[in-house]
Amino acid sequence: NAGVMQNPRHLVRRRGQEARLRCSPMKGHSHVYWYRQLPEEGLKFMVYLQKENIIDESGMPKERFSAEFPKEGPSILRIQQVVRGDSAAYFCASSPFGQYTDTQYFGPGTRLTVL
Amino acid sequence: GDSVTQMEGPVTLSEEAFLTINCTYTATGYPSLFWYVQYPGEGLQLLLKATKADDKGSNKGFEATYRKETTSFHLEKGSVQVSDSAVYFCALSEGSGYSTLTFGKGTMLLVSP
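Each protein sequence line maps, in turn, to chains A and B.
Under this note's numbering, think of the first position of the first sequence as 1, with each following residue one higher.
Under this note's numbering, think of the first position of the second sequence as 116, with each following residue one higher.
What follows is the structure, encoded as structure tokens:
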């Protein structure tokens, strides 16, 4: 059973460009979470999605950031007009039921560098 | 809001030494508690978890007990190995509804031969 897949693993963008990060959850999981890890910091929750629905986006900046999890295909985290402060590791996790006792399974992350 | 506080690192130990990494939390309700480990350049892997007070999570020689009275979930291992060198994150999931995680800042462990 393949784990959580993320691509690309590394992404370099210039200021003002768009970044698209993809996440395929574990087979059978319909709950996806995105987290951001800034240098020397822990992970911060950004957004929680189920298929075709955003459940909680309280951790996501209101400007430039968006997320989706379509009926078919991976979840996408999109960052428009990137700035240097967006440089970070972005991790996706999935869980089977979305309950607070669930284990979340993490992907390897996408490391975004903004030049 | 919810928060998790971990001891600052790095923690430097010799092989076979005893390990304790302290973790305390603030939460409303009765959260689930987790320890995740991150090896260099990789994602997070669940190490252990506990979902109610007095539960003990254990895995690969690591243990942590959910202490509601002290709001703590300290990680321990009796004899560390070089391969345990990694960053360890304590996290909680608030005890209601769905399970977004709140993480501590992480503690780096360095084990020398």
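We put the CB at the ideal spot given by N, CA and C, even for glycine.
Item: Residues in its own chain within less than 8 Å of tyrosine 145 of chain B by CB, not counting five upstream and five downstream?; Value: Lys167, Ala168, Lys183, Gly210
Item: For threonine 215 of chain B, does the count of other Cβ atoms within 10 angstroms reach 16, so buried, or fall short, so exposed?; Value: buried
Item: Please say whether serine 173 of chain B and glutamate 131 of chain B have beta carbons closer to each other than 7 Å?; Value: no
Item: When the Cα atoms are used, what is the spatial distance from glutamine 12 of chain A to arginine 111 of chain A?; Value: As written in the sequence, residue 12 of chain A is valine, which differs from the glutamine given in the question. Each residue's Cα considered, the two are about 8 Å apart.
Item: Could you name the residues of chain B that proline 108 of chain A contacts, counting a contact when the two beta carbons are closer than 7 Å?; Value: Glu157, Gly158
Item: Tell me which residues share the same chain as valine 47 of chain A and place their Cβ nearer than 6 Å to its Cβ, disregarding the 5 neighbours each side in the sequence.; Value: Trp34, Glu57, Met60, Ala67
Item: In whole angstroms, what is the alpha-carbon distance linking tyrosine 151 of chain B and phenylalanine 65 of chain A?; Value: 27 Å
Item: From what residue to what residue does the beta strand (DSSP E) around histidine 189 of chain B run?; Value: Neither: histidine 189 of chain B is in no beta strand (DSSP E) and is coded neither H nor E.
Item: What would DSSP say about aspartate 56 of chain A, mapped onto helix, strand or coil?; Value: strand
Item: Against chain B, does leucine 38 of chain A count as a neighbour if the rule is that its beta carbon must be under 7 Å from one of theirs?; Value: no
Item: Suppose you measure from the CA of tyrosine 105 of chain A to the CA of serine 94 of chain A; what does that come to, to the nearest Å?; Value: 5 Å
Item: Under 7 Å, Cβ to Cβ, is there at least one residue of chain A near leucine 225 of chain B?; Value: no
Item: At a CB distance below 9 Å, what residues from the segment 53-72 of chain A approach chain B? Give them in sequence order.; Value: Ile55, Asp56, Ser58, Gly59
Item: Between the Cα of serine 187 of chain B and those of B/Phe149, B/Thr127, B/Tyr154, spot the shortest distance and give me the residue it belongs to.; Value: B/Phe149
Item: Put valine 126 of chain B into one of helix, strand or coil per three-state DSSP.; Value: strand
Item: Are the C-beta atoms of glycine 28 of chain A and some chain B residue less than 7 Å apart?; Value: no
Item: Would tyrosine 154 of chain B be called buried (16 or more neighbouring beta carbons within 10 Å of its own) or exposed?; Value: exposed
Item: Leucine 161 of chain B to asparagine 53 of chain A, Cα distance in whole Å?; Value: 26 Å
Item: Taking the CB atoms as reference points, tell me whether serine 200 of chain B and leucine 163 of chain B lie closer together than 7 Å.; Value: no
Item: My guess is that proline 108 of chain A and arginine 9 of chain A are in contact by the Cβ rule of under 8 Å, so how many angstroms apart are they, rounded?; Value: 6 Å
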